[in-house]
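Here the structure is laid out as structure tokens; the discussion comes afterwards.
In this note's numbering, the protein residues as written are 11 to 187.
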């Protein structure tokens, strides 16, 4: 007897098929009917079953969400990130105090070891020279310096801390920048 339509006569052409250890009797008419149409799509699963990895679709949506978030965050940054044409290291170009832009080295340096005239601060998305009486300097927080000061295309600075950063820029930048 056909497991789908119940046909049981000799003319029905019932055959027993075995798949994955399960034997099912199917008549010729039902075999034709199933062969002529595509299999139904599986019901999508919102959450993966505990212990199983997420489906490709869920992985793709997570990746796309991450990419969109990174694009949004990059668009909201107050600076433009670019490679220095001389040394290849990253430069953060901020709006400056005079309406132009200021190219700052990506790495902050300890303010206590940097000459007053080389210190920069980023406030409200703008690069500003650090004032002489900067209260942050008392706490020895990081200051920013113009990239030109530590770029190997220019002479090495006399200040030991800036000189170390200048020498570090002689090496190519890390690949993950």
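Cβ atoms here follow ideal geometry from the backbone N, Cα and C, with glycine treated the same way.
Around the CB of residue 101, 16 or more other CB atoms lie within 10 Å, so the residue is classed as buried. Below 8 Å, too few C-beta pairs join the stretch 106-120 and the stretch 78-88 to call them touching: fewer than three. The DSSP-derived three-state label of residue 35 is strand. In this structure, 18 is the residue among 18, 103, 108, 106 with its C-alpha nearest to the C-alpha of residue 40. For residue 113, the enclosing beta strand (DSSP E) begins and ends at 111-115.
In the three-state reduction of the DSSP assignment, residue 73 falls in the helix class.
Counting along the chain, the unbroken alpha helix (DSSP H) around residue 157 starts and ends at 157-160.
Closest in alpha carbon position to residue 107, among 72, 135, 121, is 135. With respect to the C-alpha of residue 185, the residue from 125, 93, 169 having the closest C-alpha is 93. DSSP, read as helix, strand or coil, puts residue 17 in coil.
Non-local C-beta neighbours of residue 89 in its own chain, meaning closer than 7 Å and more than five positions away in sequence, comprise 102, 103, 104, ordered along the chain. For residue 93, the secondary structure class from DSSP, reduced to helix, strand or coil, is strand. Residue 168 and residue 124 do not touch by the CB rule: their CB atoms are close to 12 Å apart, not below 8 Å.
Residues of the same chain with a CB within less than 8 Å of the CB of residue 15, apart from the 5 flanking positions on each side, are 37, 39, 40 in chain order.
The secondary-structure analysis by DSSP pairs residue 137 across a beta bridge with 132.
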